[in-house]
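Just so you know, we're using the working numbering here: the sequence shown kicks off at 389 and counts up by one.
We treat Cβ as the ideally placed atom computed from N, Cα and C, and that holds for glycine.
Please read all numbers here as calculations on a predicted model, not as lab measurements.
These notes are about the structure you will find just below.
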Amino acid sequence: MSETILKAQDLHKRFDKVHAVQGVSFDIRQGEIFSLLGPNGAGKTTTISMLSCLLTPTKGDAQIDGYSVRTQADKVKQVIGVVPQEISLYPDLSARENLAFWGRMYGMGGAQLKERIEAVLDIVGLSQRAKEKVETYSGGMKRRINIAVGLLHQPKILFMDEPTVGIDPQSRRRILDTVLELNKKGLTVLYTTHYMEEAAELSHRIGIIDHGKLIALGTQEELTRTVGEYDTLHISVDGSKTDPGALVEPIGKIKGVHRASLEDSSFIIQAEDANTVLAGIIAQLDKAGARVLNLRVDEPNLEAVFLHLTGRALRD
């Protein structure tokens, strides 16, 4: 898994005054799952759109299987498969008819196309429902057919942009299992998500992106080492009798607390050892009349990495 199949170099994209992607560089090795992890609006979809040749970079370039997205778009499109965030299906056609349409758009036909349609339907587990109109499908089933479209022409690398957004847990599990199975068979995957647990489960390496910049890159183990051994406390409070914002600074000064922030009425606190700082934190909250509603302690994870790098939690 050492040969590089994708190399992005200093990618930028501006839309009028908005600098959506700012100097993003990374490589993807053949046979790996590489995830871009970040909140909505971080620049994930814009980055994939440039790599898919749907948008021309304002600056920079990327090579996919040796072809430039700037100057060899036709060659790039032959080796990539794209599963967009939006459903790209015709609702009044059946799944098989949709696949036939998109297969012809790829230049496929005849026995080859029929064979590939049956193969991808089997991969996504919808062979038995292939004759039904897509409009009768659940959200999860539509997303699985979306994946099938991206696999039709047997791409060397598959781009998947937030493929589990807005679907039920069972469908989400099915999609994640499909990604893992495809990768086991050798397919390279670029996967974007704002769910840290997906990135943690799927990825060989992860790039964390925020405000258009790639702020960290590595394996999960490498990334979590950047935060040391900090625990993360999530404490929800009833702030009706006090201003929780006024408590961030004093909590941050408690010995052993590395960082404290507030999102809505929840404190997110990084500490060297949750057990040693918890009494002091509760005392501060009690003194101010902020009643604790919920408390959770997490060991170092990708959420903690994002908090460490940005000063805020990774949210939708």
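Check the C-beta distance from H541 over to N428 and give it rounded, since I have them as a contact under 8 Å. For this step, residue 541 is matched to residue 153 along the sequence shown. For this step, residue 428 is matched to residue 40 along the sequence shown. Incorrect: roughly 30 Å between the Cβ atoms, too far for contact.
Tell me, please, which residues DSSP counts as bridged to D449. Start at 1 with the first residue of the sequence shown, and residue 449 comes out as number 61. DSSP lists Q397 as partners of D449.
So, helix, strand or coil for G616, using DSSP? Taking the sequence shown and counting its residues from 1, one reaches residue 616 at position 228. Reduced to three states, the DSSP call for G616 is coil.
At the level of alpha carbons, what is the spacing between A518 and D449? For the purposes of this step, residue 518 is identified with residue 130 of the sequence shown, where counting begins at 1. For the purposes of this step, residue 449 is identified with residue 61 of the sequence shown, where counting begins at 1. In a straight line, the C-alpha of A518 is about 39 Å away from that of D449.
Are I436 and T576 touching if we call contact CB-CB under 8 Å? The count along the sequence shown starts at 1 and reaches residue 436 at position 48. The count along the sequence shown starts at 1 and reaches residue 576 at position 188. For I436 and T576, no; Cβs fall outside 8 Å.
Assuming I623 and I594 make a contact with CB atoms under 8 Å, what is their CB distance in whole Å? For the purposes of this step, residue 623 is taken as the residue at position 235 of the sequence shown. For the purposes of this step, residue 594 is taken as the residue at position 206 of the sequence shown. Between I594 and I623 the Cβ distance is about 27 Å, and since that is not below 8 Å, they are no contact.
Report all residues from its chain with a CB closer than 7 Å to the CB of R684; omit the five preceding and five following residues, and keep chain order. For this step, residue 684 is matched to residue 296 along the sequence shown. Excluding positions up to five away in sequence, the list reads H622.
Are A488 and L509 touching if we call contact CB-CB under 8 Å? Translated into the one-based positions of the sequence shown, residue 488 becomes position 100. Translated into the one-based positions of the sequence shown, residue 509 becomes position 121. Result no, Cβ atoms of A488 and L509 do not sit closer than 8 Å.
Decide if L399 is buried, meaning its Cβ has at least 16 other Cβ atoms within 10 Å, or exposed. Position 11 of the sequence shown, counted from the start, is the residue given in the question as residue 399. Buried, by the Cβ-count rule.
Of the choices Q410, I603, E420, whose alpha-carbon is the least far from that of S379? Outside the displayed span of the chain (389 to 704) sits residue 379, for which this structure offers no information.
Meets three-Cβ-pair contact criterion under 8 Å: the region 464-471 and the region 540-554: yes
Inter-residue Cα distance where the pair is T614 and G497: As a working mapping, residue 614 is identified with position 226 in the sequence shown. As a working mapping, residue 497 is identified with position 109 in the sequence shown. Rounded to the nearest angstrom, the two C-alpha atoms are 51 Å apart.
Identify the continuous alpha helix (DSSP H) that holds S437 and give its terminal residues. As a working mapping, residue 437 is identified with position 49 in the sequence shown. 432-439 is the span of the alpha helix (DSSP H), which, as asked, contains S437.
Beta-bridge pairing of M548 - partner residues as DSSP gives them: As a working mapping, residue 548 is identified with position 160 in the sequence shown. Answer is V471, Y579.
Hey, A678 and D686: beta-carbon distance below 8 Å or not? Mapped onto the sequence shown, residue 678 falls at position 290. Mapped onto the sequence shown, residue 686 falls at position 298. Not a contact, by the Cβ cut-off of 8 Å.
Nearest-angstrom Cα separation, counted from K405 out to I639: The residue given as residue 639 occupies position 251 in the sequence shown. The residue given as residue 405 occupies position 17 in the sequence shown. Going by the C-alpha atoms only, they are around 38 Å apart.
Report the partner residues of R593 according to the DSSP bridge assignment. Translated into positions along the sequence shown, residue 593 becomes position 205. Answer is F422.
Opening and closing residue of the alpha helix (DSSP H) in which E562 lies: Stepping through the sequence shown from its first residue, residue 562 is reached at position 174. The sequence shown places Arg at residue 562, rather than the Glu named in the question. Counting along the chain, the alpha helix (DSSP H) containing R562 begins and ends at 557-572.
E651: which of A662, V636, I642 sits nearest, CA to CA? As a first step, residue 651 must be located in the sequence shown, where it is residue number 263. When each option's Cα is compared against that of E651, the closest is V636.
Residues bridged to A662 (per DSSP): As a position in the sequence shown, residue 662 is number 274, starting the count at 1. None, per the DSSP bridge assignment.
Taking the beta carbon of S628 as the centre, do at least 16 other beta carbons fall within 10 Å, making it buried, or is it exposed? Looking up residue 628 in the sequence shown gives position 240. By the neighbour-count rule (16 or more Cβ atoms within 10 Å), S628 is not buried but exposed.
For M548, which residues in the same chain have their Cβ closer than 8 Å to its Cβ, ignoring the five residues on either side in sequence? Numbered from its first residue, the sequence shown carries residue 548 at position 160. Same-chain partners within the cutoff: V471, I535, G538, V567, V577, L578, Y579, T580.
Does the distance from the CB of A461 to the CB of T434 come in under 8 Å? As a working note, residue 461 is residue 73 in the sequence shown. As a working note, residue 434 is residue 46 in the sequence shown. No, they are not a contact pair.
Can you tell me which of the three DSSP states R647 falls into? Residue 647 sits at position 259 when you count from the first residue of the sequence shown. Looking at R647 - three-state DSSP - the assignment turns out to be strand.
What does the alpha-carbon distance come out to for the pair T664 and S649? For this step, residue 664 is matched to residue 276 along the sequence shown. For this step, residue 649 is matched to residue 261 along the sequence shown. Those two C-alpha atoms are separated by around 19 Å.
I'd like the ranges of any beta strand (DSSP E) spanning at least 3 consecutive residues and lying wholly in the region 461-541. 468-471
So L695 and Q658 are supposed to be a Cβ contact under 8 Å. How far apart are they, rounded? Counting from one through the sequence shown, the residue named residue 695 turns up at place 307. Counting from one through the sequence shown, the residue named residue 658 turns up at place 270. That pair is a contact at about 6 Å.
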